[in-house]
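Reading through the structure tokens given below for one structure.
Protein chains in written order, with this note's numbering: chain A, -4 to 319; chain B, 10 to 265.
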């Protein structure tokens, strides 16, 4: 087909938003390379999901098999390997989700290729940009192999267009991979929620969030005092929760909660992408960090470069004064 | 259980990053290095499994001479022995090339379990463990927070997005990539540091492993990211900056 194959992901019977962003990335690449885009949806009983994609005018392949009803790396890698060998796309575009991270590196290796993971931009060439050093640098990558080039795109990096649906939907075809139950070596259980969510950050208007810069659990009260003075909820980046200094339900980021408050005040958070995806939709972002090159400043509206142990108590006092 | 933990030495988290003259990587001369964080959690999981079930923990790491220091730290924490894949051109190999080195070093050991961190802090590819599993034709699970040994293999707790988790059963031998935060990390004891000096570190060169090293993906150059927003930086003493910020929060953001 020598085109672009975009792999859609479903969660609980619905197409995830990042799949449409992967489609947008695929369409951007298609325009630059004069190639056509085909979508693939993988699972069991995928008729309605395929129809939803085809309604947008994108030719769609249903990769359908009862053994694909639940995600397994063996099942998905095997099925998509067969699909790629049959369709021979030049590019395969995937959403950079936890699921894709679990199988796409193996899928690429089976094709003697390397996945260019977590892509944030595509430039002529094509050159694929991804982040290095926890977001402090960008790396520009090029595929030099002869086989299909696999890329996964970061959530939020490509805007999913709300394009007008054409009057006639695109073609849907079904691809039935050969899968034997014995090939699936892992047995996944049903997803379950972590410990009870007693902190609902999703509805908080004001959030003060603390990161690794706080150094010790004993130092947390100075940030709590700032949150109290502001009337804000206290949240944290992953390392704080990993250390057990705050419970997991305080965590903002890809593995925690996604928030978009009126104010997000980040204290001692450098801004690794796993954190940024959980808060970059906030209306106003303030960052206090000792490192002027911390990635958090790239998305901040206001920034203070300084020692948080001096700045935070001063800010608490200034806020109390301003509120009087 | 015979457990191999693949670990990576990475620049320290707070290291100043400057682009070097080639434009392809960062200036390394003044860098300090440390054990990659999620690899430290993988090592911790391995040590705890050994304490519960017995067996052996072997660390494997690829890189130049300086990697020896990180290997010694892992031995000081309790790993029994190590394999150092001596390799000065790690940066020229892509994820498949590095995984081929690791797989070739791991294979003759016939381990029950291979653990590695979920992703590195420098390149952040998050692929090495999954590719090693594919190359060794072993089942794998990624983003694992907890590992339980069962009669038939393992039950692991996998992290999903947005606060969800999942249990997965898989047979051994297997490969797991470990997410940070599942355990509390131990420190090396003085006794451990002393013992580490006598433990075996087998050095093997990349050439001896004779794997294909031609990359199919190239890092052409690196660059500073462009700013997505125009940030108003508030300067002055901490007190002045704090007062300026309170002013902005009151009159511009209107949250006070």
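Backbone N, C-alpha and C define an ideal beta-carbon position, used for all residues, glycine too.
Simplified DSSP state of residue i, which is helix, strand or coil
i	result
residue 202(A)	strand
residue 109(A)	coil
residue 277(A)	coil
residue 225(B)	coil
residue 44(B)	strand
residue 54(B)	helix
residue 28(B)	strand
residue 178(B)	strand
residue 169(B)	coil
residue 18(B)	strand
residue 319(A)	coil
residue 157(B)	strand
residue 74(A)	helix
residue 179(A)	coil
residue 149(B)	strand
residue 292(A)	helix
Check whether residue i and residue j have beta carbons under 8 angstroms apart
i	j	result
residue 86(B)	residue 48(B)	no
residue 49(A)	residue 247(B)	no
residue 137(A)	residue 120(A)	yes
residue 202(A)	residue 258(A)	yes
residue 137(B)	residue 113(B)	no
residue 85(A)	residue 143(A)	yes
residue 52(A)	residue 63(A)	no
residue 126(B)	residue 51(B)	yes
residue 145(A)	residue 215(A)	no
residue 165(A)	residue 313(A)	no
residue 92(B)	residue 59(B)	no
residue 88(B)	residue 68(B)	yes
residue 167(A)	residue 46(A)	yes
residue 274(A)	residue 254(A)	yes
residue 60(A)	residue 174(A)	yes
residue 4(A)	residue 95(A)	yes
residue 218(A)	residue 229(A)	yes
residue 29(B)	residue 135(A)	no
residue 111(A)	residue 78(A)	no
residue 110(B)	residue 215(B)	yes
residue 20(B)	residue 131(B)	yes
residue 174(B)	residue 187(A)	yes
residue 281(A)	residue 245(A)	no
CA nearest to the CA of residue i, picked from the options
i	options	result
residue 36(A)	163(A), 137(A), 295(A) and 11(A)	11(A)
residue 149(B)	198(A), 26(A), 129(A) and 97(A)	97(A)
residue 66(B)	213(B), 15(B) and 131(B)	15(B)
residue 147(A)	102(A), 213(A), 204(A) and 164(A)	102(A)
residue 187(B)	231(B), 55(B), 172(B) and 21(B)	55(B)
residue 228(B)	194(B), 27(B) and 33(B)	33(B)
residue 185(A)	177(B), 193(B) and 37(B)	177(B)
residue 194(B)	238(A), 65(A) and 75(A)	238(A)
residue 16(A)	34(A), 122(A) and 141(A)	34(A)
residue 189(A)	221(A), 252(A), 220(A) and 288(A)	252(A)
residue 27(A)	73(A), 287(A), 204(A) and 123(A)	123(A)
residue 115(B)	101(B), 94(B) and 99(B)	94(B)
residue 46(B)	76(B), 22(B) and 237(B)	22(B)
residue 24(B)	31(B), 10(B) and 39(B)	39(B)
Spatial neighbours of residue i in its chain, beta-carbon cut-off 6 angstroms, leaving aside the 5 residues before and after
i	result
residue 147(B)	182, 183 and 184
residue 79(B)	18 and 44
residue 154(B)	166, 168, 188 and 191
residue 149(A)	91, 113 and 115
residue 272(A)	150 and 249
residue 212(A)	240
residue 75(A)	102
Neighbourhood of residue i by C-beta, 8 angstroms cutoff - its chain only, sequence neighbours within 5 removed
i	result
residue 279(A)	257, 258, 259, 296 and 297
residue 23(A)	117 and 153
residue 25(A)	-2, -1, 31 and 32
residue 206(A)	231, 232, 234, 235, 261, 262, 263, 264, 265 and 270
residue 320(A)	Lying outside -4 to 319, the shown extent of chain A, residue 320(A) is not represented and no answer is given.
residue 311(A)	217, 220, 221 and 224
Close beta carbons around residue i, own chain, < 7 angstroms, minus the five adjacent residues each side
i	result
residue 176(A)	62
residue 140(B)	104, 105 and 108
residue 243(B)	250, 253 and 254
residue 39(A)	59, 60, 61, 63 and 64
residue 299(A)	283 and 306
What are the start and end residues of each continuous alpha helix (DSSP H) run of 4 or more residues lying completely inside the stretch 4 to 70 of chain A, in chain order?
12 to 28 and 42 to 49
Identify every run of the alpha helix (DSSP H) within the stretch 70 to 138 of chain B, keeping only runs that are complete inside it and at least 4 residues long; order them along the chain.
76 to 86 and 104 to 115
Length at least 3, wholly inside the stretch 228 to 284 of chain A: the beta strand (DSSP E) runs in chain order
228 to 231, 258 to 262 and 279 to 284
4 or more residues per run - each alpha helix (DSSP H) lying fully within the stretch 187 to 221 of chain B:
199 to 205 and 215 to 218
Mind pulling the beta strand (DSSP E) runs of 3 or more residues that sit fully within the stretch 84 to 169 of chain A?
86 to 90, 111 to 118, 122 to 127, 132 to 138 and 144 to 148
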